[in-house]
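If you count the sequence shown from 1, position 245 lands on 259 in this note's numbering, and the numbers rise without skipping.
Where is the CB? At the ideal position from N, CA and C, for every residue including glycine.
Below is one structure; the comments refer to it alone.
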Amino acid sequence: MAKLALVFSGQGSQYIGMSVDYLDHFLDHEKIGEDVLGYSLRDILLDPEGRIHQTEFTQPLVFLTSALGYEAFKSLHIKPEAVLGFSLGEYSALYASGILNFRDALSLIQFRAKAMMQCANEEEGAMAAILGLKRDEVEGICHEASQTYPVWAANFNSPIQTVISGTKEGVGLAIELAKQKGAKRAIPLQVSGAFHSPLMAKAGVALEKFLTQVKFQPSTLPIYMNVTSYPLKDDQLDDLLVKQIQSPVEFEASILHMKEDGFTHFLEIGPGSVLTGLIKKIDNSLEVFHLDQLSELKDVKGWLNTHGFNQ
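This is the structure in structure tokens:
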């Protein structure tokens, strides 16, 4: 029997002009967003200078795009059976599951982004994608490089794609080692810090304090968590969000566990279609589609109906 899950994009998927077509249809959300964030959403989203790529803007506005995409999806009256978010996308999943409301999610993400930027400013970090090597091979490379400079495996994206994170020197050394050991590609990422690594520990401490002010609601949908790759259990959330900021994202394991739990169809909501591609690399038998812009909603409905998901 077919089971549908929603997956939500993370940082790095952003582009100039994303979500603008949603804003004309969700004016109340735009007003709340500008009230919480303190700036014109459209000014940043359409800025030709690319301020959207600065972490302080990227994180809340990627969430905005995903949240409004989810609101558009709800108009189809098709209920998913679980949600999953990639890194920052976990907050979109929390919104979709009913745990966070829109205003609180934006406030939390804005704080998270600032805390991560403060860490990044204190110690220069870097990240890189290693393609063509297995997980254990990349972990071994990081262990070897860390004898000289700190670097860790940070995102387990697919069987042959792992992102590493650490000091600039550590990532550089790991890239060289990966190439020597047969990596097809080793690509430095355009990020502002060593996200999902122990270098974000101070951000984790700050986030832990901030979370005491946030009121979570009961979940209406199972949410598979980045740190564990399993559905959220009671009283885990604060701890897992603090850990997530400084721990690896277990995306591949999450998808595999969801398949074991019977999920067959995955709809990515948010800018771009990176996760759609990763899911097919994890297991080509899974059915995937994506919703990036409001104009794609008709195609999404057609895909869902074709696969037996109806109102």
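Alpha carbon of residue i to alpha carbon of residue j, nearest angstrom
{"i": "Leu37", "j": "Ser89", "result": "16 Å"}
{"i": "Ala143", "j": "Trp317", "result": "31 Å"}
{"i": "Gly24", "j": "Gly99", "result": "7 Å"}
{"i": "Val205", "j": "Leu78", "result": "20 Å"}
{"i": "Gly394", "j": "Ile269", "result": "Absent from the structure is residue 394, since the part of the chain shown begins at 15 and ends at 325."}
{"i": "Glu63", "j": "Asp306", "result": "22 Å"}
{"i": "Thr290", "j": "Met141", "result": "22 Å"}
{"i": "Glu95", "j": "Gln194", "result": "44 Å"}
{"i": "Leu108", "j": "Asp248", "result": "14 Å"}
{"i": "Glu332", "j": "Phe22", "result": "Residue 332 lies beyond the stretch modelled for the chain, which goes from 15 to 325, so this question has no answer here."}
{"i": "Gly139", "j": "Leu254", "result": "23 Å"}
{"i": "Val314", "j": "Phe303", "result": "7 Å"}
{"i": "Leu203", "j": "Asn324", "result": "40 Å"}
{"i": "Tyr29", "j": "Thr162", "result": "36 Å"}
Candidates the options, of which the one nearest residue i by Cα
{"i": "Gly146", "options": "Cys133, Gly196, Arg126", "result": "Gly196"}
{"i": "Ala192", "options": "Asp306, Val205, Val177, Ser206", "result": "Val177"}
{"i": "Phe125", "options": "Pro212, His210, Thr278, Phe224", "result": "Phe224"}
{"i": "Leu292", "options": "Ala129, Val165, Asn169", "result": "Asn169"}
{"i": "Thr320", "options": "Glu301, Leu305, Leu308", "result": "Glu301"}
{"i": "Gln68", "options": "Leu246, Lys294, Gly207", "result": "Gly207"}
{"i": "Glu153", "options": "Gly184, Glu138, Cys133", "result": "Gly184"}
{"i": "Ile201", "options": "Ser211, Gly322, Ala188", "result": "Ala188"}
{"i": "Val241", "options": "Thr234, Ala217, His210, His279", "result": "His210"}
{"i": "Asn298", "options": "Leu235, Gly31, Met130, His279", "result": "His279"}
Cβ-based burial, residue i [other Cβ within 10 Å; buried from 16]
{"i": "Ala215", "result": "exposed"}
{"i": "Gly180", "result": "buried"}
{"i": "Arg149", "result": "buried"}
{"i": "Asn135", "result": "exposed"}
{"i": "Thr72", "result": "buried"}
{"i": "Gly322", "result": "exposed"}
{"i": "Asn171", "result": "buried"}
{"i": "Leu41", "result": "exposed"}
{"i": "Glu44", "result": "buried"}
Check whether residue i and residue j have beta carbons under 8 Å apart
{"i": "Gly112", "j": "Gln227", "result": "no"}
{"i": "Ser106", "j": "Ala81", "result": "yes"}
{"i": "Leu120", "j": "Leu51", "result": "yes"}
{"i": "Met239", "j": "Ala19", "result": "no"}
{"i": "Glu70", "j": "Lys128", "result": "yes"}
{"i": "Ile237", "j": "Leu246", "result": "yes"}
{"i": "Phe12", "j": "Lys93", "result": "Any answer about residue 12 is impossible in this case: the structure gives the chain only from 15 up to 325."}
{"i": "Pro9", "j": "Glu266", "result": "The displayed coordinates of the chain run from 15 to 325. Any statement about residue 9 would go beyond what the structure contains."}
{"i": "Leu221", "j": "Val256", "result": "yes"}
{"i": "Leu60", "j": "Val34", "result": "yes"}
{"i": "Tyr84", "j": "Ile283", "result": "yes"}
{"i": "Ala86", "j": "Val97", "result": "no"}
{"i": "Val263", "j": "Ser27", "result": "no"}
{"i": "Cys156", "j": "Ala217", "result": "no"}
Next on the checklist: If we require 3 or more residues per run, which beta strand (DSSP E) segments fall completely within the region 274-310?
Outcome noted: Runs of the beta strand (DSSP E) inside the region 274-310: 279-283, 301-305.
Next on the checklist: My parser needs the alpha helix (DSSP H) runs of 4 or more residues fully inside the region 24-91; what are they?
Outcome noted: Correct list: 34-37, 41-51, 55-59, 69-88.
Checklist entry - Unbroken beta strand (DSSP E) runs of length 3 or more, entirely within the region 147-191: which are they? => result The region 147-191 contains these whole beta strand (DSSP E) runs: 165-172, 175-181.
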